[in-house]
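Order-wise, the sequence lines are chains R and D.
The numbering used here numbers the first residue of the first sequence as 1226 and each following residue consecutively.
The numbering used here numbers the first residue of the second sequence as 1226 and each following residue consecutively.
There are 2 protein chains.
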Amino acid sequence: MRKLLNRELERKTVEQFRSTEKAPFIIVLDNVRSQSNVGSIFRTADAFLTEAIYLCGITSIPPHREIQKTALGATESVSWKYFSETLTAINELKETGYKIIAVEQTEGSVALQDVHIENDRRYALVFGHEVNGVDQEIVNNCDLCVEIPQFGTKHSFNIAISVGIVLWELNKKRLPF
Amino acid sequence: MRKLLNRELERKTVEQFRSTEKAPFIIVLDNVRSQSNVGSIFRTADAFLTEAIYLCGITSIPPHREIQKTALGATESVSWKYFSETLTAINELKETGYKIIAVEQTEGSVALQDVHIENDRRYALVFGHEVNGVDQEIVNNCDLCVEIPQFGTKHSFNIAISVGIVLWELNKKRLPF
């Protein structure tokens, strides 16, 4: 099984990426502390043709050396926008018809594998601070909470890993690729 | 939707983790450079009750300050073993009946969503170096190559993100949790 060369992977250029129809997901980062996580999320969002990333509160924005180390250029392809208040981002998304999903462990949360994705809707996926998670006030303003089942000793996944698993699963539900 | 407190998540203690039956997956890290990635992989492996992590070649081993920063203690729960040569690990796994899957972009690779998991088999999942991927000689010794479909400008996912997506998907195939 010969490994493929990078040029054989036929990836998009930044220009092609920008003009391609995106998957209907906007990632909202509610006060994410680590620039390394933010960069990693840009790289994953690029791979899944994500519509945009909304960076909120203390979340760092590009250009930033630490973001760049893990984004590896994906800050050039993926659209992003900064909001000083996460609630402002949520309200703007609601007004434009997005269904707001917090990825958080709450009473009444739905397991990721059971989430139903409608093909004609757009979704905002809210991920929170590395230690504190999504703020309770933001959770209160979401339409749904989704939880990734886990079975070990740790309380949560790293946020960049959560973004990877959630984007994979929801994109797979949307279109059997 | 009230956020759950850590104690309400009812996670396992390290002792409970060790005595619990594991998911039949061993992660093989073929010359992974970044300690931060290794630690992150430990944390994810803990969440999915992974059998073990085999650290090979230049891959750092615990205890290590940089691994600990992202593992957050998961090096205490998840079993691991070091091999100076990845091929030695692969051969040992083959001899003990594991099916060896490289996560790599190759000719004839199978898309992750199409992989068939047999409930009575055990699997080794091989992930490679951040830039060079799984070594071609190791790929030649695997039973199958699996690829995570991606649609953006970047050539690959970060390795810790790949581990998260692959463990999620294969565990979900094995048991509808």
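Note that CB positions come from ideal geometry on N, CA and C, so glycine has one too.
query                                                                                                                                                                                     : result
Does the beta-carbon of residue 1337 (chain R) have 16 or more other beta-carbons within 10 angstroms, so that it is buried, or is it exposed?                                            : buried
Kindly say whether residue 1341 (chain D), judged by its beta-carbon, lies nearer than 8 Å to any beta-carbon of chain R.                                                                 : no
Helix, strand or coil for residue 1308 (chain R), going by three-state DSSP, please let me know.                                                                                          : strand
Only counting the same chain, and skipping five residues up and downstream in sequence, which positions put a Cβ closer than 8 Å to that of residue 1276 (chain D)?                       : 1247, 1248, 1249, 1250, 1251, 1304 and 1347
Can you tell me which residues form a DSSP beta bridge with residue 1380 (chain R)?                                                                                                       : Note: residue 1380 (chain R) sits in no beta bridge, so no partner.
Less than 7 Å between C-beta atoms, sequence neighbours within five positions excluded: which residues of the same chain meet that for residue 1239 (chain D)?                            : 1301 and 1302
Is it the case that the Cβ atoms of residue 1269 (chain D) and residue 1389 (chain D) are separated by a distance below 8 Å?                                                              : yes
Three-state secondary structure (DSSP) at residue 1264 (chain D)?                                                                                                                         : helix
So with Cβ pairs under 8 Å, would you call residue 1397 (chain D) a contact of chain R?                                                                                                   : yes
Considering only their Cβ atoms, is the gap separating residue 1227 (chain D) from residue 1380 (chain R) smaller than 8 Å?                                                               : no
Restricting to runs no shorter than 4 residues, where is the alpha helix (DSSP H) found entirely within the segment 1350 to 1395 of chain R?                                              : 1361 to 1365
What first and last residue would you give for the beta strand (DSSP E) that runs through residue 1250 (chain R)?                                                                         : 1248 to 1255
Would you call the segment 1318 to 1331 of chain D in contact with the segment 1366 to 1373 of chain D, where contact means no fewer than 3 C-beta pairs closer than 8 Å?                 : yes
Where does residue 1438 (chain R) fall in DSSP's three states?                                                                                                                            : Any property of residue 1438 (chain R) remains undetermined from this structure, which presents chain R solely from 1226 to 1402.
State the Cα-Cα distance for the pair residue 1331 (chain R) and residue 1233 (chain R), rounded to the nearest angstrom.                                                                 : 44 Å
Please say whether residue 1254 (chain R) and residue 1377 (chain D) have beta carbons closer to each other than 8 Å?                                                                     : no
Residue 1245 (chain R) to residue 1392 (chain R), Cα distance in whole Å?                                                                                                                 : 18 Å
Along chain R, in chain order, which residues have C-beta atoms closer than 9 Å to that of residue 1335 (chain D)?                                                                        : What residue 1335 (chain D) touches in chain R: nothing, since even the nearest Cβ is about 10 Å away.
Excluding the five sequence neighbours on either side, which residues of its own chain have a C-beta within less than 6 Å of the C-beta of residue 1359 (chain D), listed in chain order? : 1255, 1327, 1329, 1351 and 1353
Whole angstroms are fine: how far does the CA of residue 1230 (chain D) sit from the CA of residue 1334 (chain D)?                                                                        : 42 Å
Are there 16 or more other CB atoms within 10 angstroms of the CB of residue 1241 (chain R), so buried, or fewer, so exposed?                                                             : exposed
Compare the C-beta of residue 1304 (chain R) with all C-beta atoms of chain D and state if any pair is closer than 8 Å.                                                                   : no
What residues of chain R sit near residue 1297 (chain D), judged by a beta carbon separation below 7 Å?                                                                                   : 1379
Is it right to say residue 1313 (chain D) is buried, meaning 16 or more other beta carbons lie within 10 angstroms of its own, or is it exposed?                                          : exposed
Mind checking whether residue 1284 (chain D) and residue 1261 (chain D) have CB atoms under 8 Å apart?                                                                                    : no
To the nearest angstrom, how far is the alpha carbon of residue 1382 (chain D) from that of residue 1258 (chain D)?                                                                       : 15 Å
Flag this pair as yes or no: are the beta carbons of residue 1307 (chain D) and residue 1286 (chain D) separated by less than 8 Å?                                                        : yes
Would you tell me roughly how many angstroms separate the C-alpha atoms of residue 1297 (chain D) and residue 1385 (chain R), rounded to the nearest one?                                 : 15 Å
Along the segment 1249 to 1261 of chain R, what residues have a CB closer than 8 Å to any CB found in chain D?                                                                            : 1261
Helix, strand or coil for residue 1315 (chain D), going by three-state DSSP, please let me know.                                                                                          : helix
Using a beta-carbon distance cut-off of less than 8 Å, what residues from the segment 1342 to 1360 of chain D approach chain R?                                                           : 1358 and 1359
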